[in-house]
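Enquirer:
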Amino acid sequence: MASQPLALAQSPPKSHCWSELPLDLMQLILERLGFADFERAKSVCSSWGSASRKSKPNNKIPWMILFPEEKNYCLLFNPEDKEEKLYKTQHLADDFTEIHCLATCRSWLLMDPSLKNKENPVYILNLLTRERINLPPIWDQRFDSPILWIDEKTKDYLVIGDTLLYLKKGDKSWKQISEGIQDDMVFKDHKLYCLADDELRIFDFSGEFPLQVSRVSLGGGRVQPKILSCRMRLPDIPDHVQEVRTRENVVVTVQGDVLIVKSESPFLSETWNFKIFKMDSSNGLEEIFSLGDEAIILDLGITVLAKDQEGITSNSIYFTGDEIGWYDSEIFVFNLDSKKAEQLPPLVSSSVSFSRARWFLPSFRND
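Note that full-length UniProt numbering numbers the sequence shown so that position 294 is 294, with each residue one more than the last.
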C-alpha cells in the first residue's frame with residue numbers, strides 16, 4: 001500500500017504589530033500627519049512616542065493666536081482640529097491689554113509693551129518655548145504694521161517698520177531704507193514688498209544691505225482712501241467714523257505672483273466687498289475672480305494651498321477686522337464663490353473677551 005505523502009506543517013500567518021515597524025518608516029508616516037493626527041499617533045505606544053521625538057508634524061496651514069484681555073496667557077486655535085478646541089499657552093506676559101503683538105513669523109511674535117511704558121522697547125518672543133530676544137529702543141517712533149522675519153536655526157532676524165526703519169541681528173541701532181509710511185508690506189523669500197502712494201516697491205534683503213530692485217506705478221487701478229457720504233447721519237457718532245472704509249493689501253502667492261487685494265466695509269454693516277488684482281508681466285493689474293485651490297491669509301500677506309487641507313477653504317480670504325478698519329479681535333473668512341463672510345466658530349462660541357487676534361504659521365521642534 002502506497003504511503004500517503006507527508007503534509008508540510010504550516011505555521012499560522014504572522015500578524016504584524018504597528019509597534020514593530022522600522023523606525024524610519026514610523027518617521028515617514030508621522031511626518032505626513034498634521035498636528036492633531038500627529039499628537040494622536042505618538043500616543044499609540046512607546047515605539048511611536050519614541051519615533052515622534054525624532055519627527056515633526058507636517059503643518060501647512062496657519063493657526064490663530066488669541067490674546068485674552070487682562071490675562072497672562074494666549075489661546076491657540078488649529079483650524080484642522082475637528083473638535084474646534086482652544087488650547088491655552090504658558091505664561092507669556094503680565095497683561096495683554098497693555099502689550100500688543102505687532103507681527104508674527106512662524107512661532108515668533110513681535111511684542112510691543114509701550115502701552116504700559118513708552119520707554120519699553122519692542123522684543124521678539126517665541127510662543128512655544130518663551131525664548132525672548134530684546135531689541136534696541138526706537139526713540140519717538142512706534143510701529144503700526146511691521147514685518148518680522150527670523151531663521152529658526154541661526155536665530156538671524158529682521159524687523160522692518162512701516163516707516164521703513166529696519167534692524168538685523170547684530171545691529172546696535174535701527175537703520176532707514178527710504179522715506180515714507182507704507183500702507184502695507186509683505187516679506188517673502190528675502191524680498192520686501194511695499195505698497196504706498198500708488199506705487200509698489202520691492203527691496204532685496206539677500207545681501208548685506210537692502211537694495212531696491214523694482215518700482216511700479218499702479219496708476220489709476222488703485223482705490224484711494226476716501227470718505228463716502230452715508231444716507232443717514234447719526235448725531236452722536238463723529239462723521240469720520242461714519243464712513244465706508246477702503247483698504248489695500250499686497251499678497252504674495254505660493255508661486256510668487258503679486259496680488260493687490262482691495263476691500264470695502266460700509267459703516268454699521270458687517271458686510272465686505274473684496275476685489276483681487278494680479279500684477280502681470282507688463283506690471284499692469286488684471287482683476288481675477290478665483291484663487292483656485294489657494295486661500296489668502298490677509299494678516300500674513302500670503303496664500304496657502306487649501307486643496308485637501310482640513311480647516312481651510314479654498315478660494316477664500318481669511319482676515320481680521322483690523323485689516324479692514326473693523327475690530328482687532330474679529331476674524332472672518334470671506335468666500336469668493338458665495339460672496340459672503342462669516343466669523344470663525346471658535347470666536348463665536350468662546351465666552352472670553354479678546355484684545356487682539358492674529359494668524360501665525362507654527363514651527364515645531366523635536367522634543
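Just so it is clear, CB atoms sit at the ideal spot from N, CA and C, and this is done for glycine as well.
Looking at Arg-358 and Ile-133, is the spacing between their C-beta atoms short of 7 Å?
Expert: In this structure, Arg-358 does not lie closer than 7 Å to Ile-133 by Cβ.
Enquirer: Specify, as a first and last residue, the run of the beta strand (DSSP E) that Trp-48 falls within.
Expert: No beta strand (DSSP E) holds Trp-48; the alpha helix (DSSP H) holding it covers 46 to 52.
Enquirer: Report the rounded CA-to-CA distance for Lys-54 versus Asp-24, giving the unit in angstroms.
Expert: Cα-Cα distance, rounded: 10 Å.
Enquirer: Going by CA-CA distance only, name the one from Leu-102, Arg-40 and Phe-277 that's closest to Pro-57.
Expert: Ranking the options by Cα distance to Pro-57, first place goes to Arg-40.
Enquirer: Whose C-alpha, out of His-100, Ile-260, Val-122 and Arg-247, is nearest the C-alpha of Phe-67?
Expert: When only C-alpha atoms are compared, the closest one is His-100.
Enquirer: Let me check understanding here. Comparing Cα to Cα, which of Glu-20, Ser-46, Arg-32 and Asp-257 lies closest to Gln-309?
Expert: Ranking the options by Cα distance to Gln-309, first place goes to Arg-32.
Enquirer: Please state the DSSP three-state secondary structure of Ser-363.
Expert: Coil, per DSSP.
Enquirer: Looking only at its chain, what residues have a beta carbon closer than 7 Å to the beta carbon of Lys-172, apart from the 5 residues adjacent to it on each side?
Expert: Contacts found: Pro-136.
Enquirer: From which residue to which residue does the alpha helix (DSSP H) around Asp-24 run?
Expert: First-last of the alpha helix (DSSP H) with Asp-24: 23 to 30.
Enquirer: What's the C-alpha gap between Lys-339 and Tyr-318?
Expert: Cα-Cα distance, rounded: 13 Å.
Enquirer: Does the distance from the CB of Leu-312 to the CB of Thr-303 come in under 7 Å?
Expert: According to the sequence as given, residue 312 is Ile; it is not Leu. It is not a contact, given that the beta carbons lie outside the stated cut-off.
Enquirer: Which of helix, strand or coil does DSSP assign to Ser-3?
Expert: Unreliable positioning characterises Ser-3 in this predicted model, as indicated by a pLDDT of 49, which lies under 50. The coordinate reading is nonetheless provided below. DSSP places Ser-3 in coil when its eight states are reduced to three.
Enquirer: Excluding sequence positions up to five away, which residues of its chain have a Cβ less than 8 Å from the Cβ of Trp-63?
Expert: Excluding residues within five positions, the ones whose Cβ falls inside 8 Å are Leu-76, Phe-77, Asn-78, Pro-79, Trp-359, Phe-360, Leu-361 and Pro-362.
Enquirer: In whole angstroms, what is the alpha-carbon distance linking Ile-260 and Phe-334?
Expert: Taking the straight line from one Cα to the other gives about 16 Å.
Enquirer: Using 7 Å as the threshold, is the C-beta distance between residue 389 and Glu-248 below it?
Expert: A query on residue 389 cannot be resolved here, the shown segment of the chain reaching from 1 to 367 and no further.
Enquirer: Count the other C-beta atoms from every protein chain shown that fall within 10 angstroms of the C-beta of Phe-289, then say buried if there are 16 or more, exposed otherwise.
Expert: Exposed is the call here.
Enquirer: Using DSSP with H/G/I as helix, E/B as strand and the rest coil, what is Arg-130?
Expert: DSSP places Arg-130 in coil when its eight states are reduced to three.
Enquirer: On the three-state DSSP scale, how would you describe Glu-208?
Expert: It is coil, neither helix nor strand.
Enquirer: Secondary structure at Glu-20, three-state DSSP: helix, strand or coil?
Expert: Of the three classes helix, strand and coil, the one that applies to Glu-20 here is helix, per DSSP.
Enquirer: Alpha carbon to alpha carbon, how far is Gly-284 from Ala-341? Give it in angstroms, no decimals.
Expert: In a straight line, the C-alpha of Ala-341 is about 29 Å away from that of Gly-284.
Enquirer: Under the three-state reduction of DSSP, which class applies to Asp-151: helix, strand or coil?
Expert: It is coil, neither helix nor strand.
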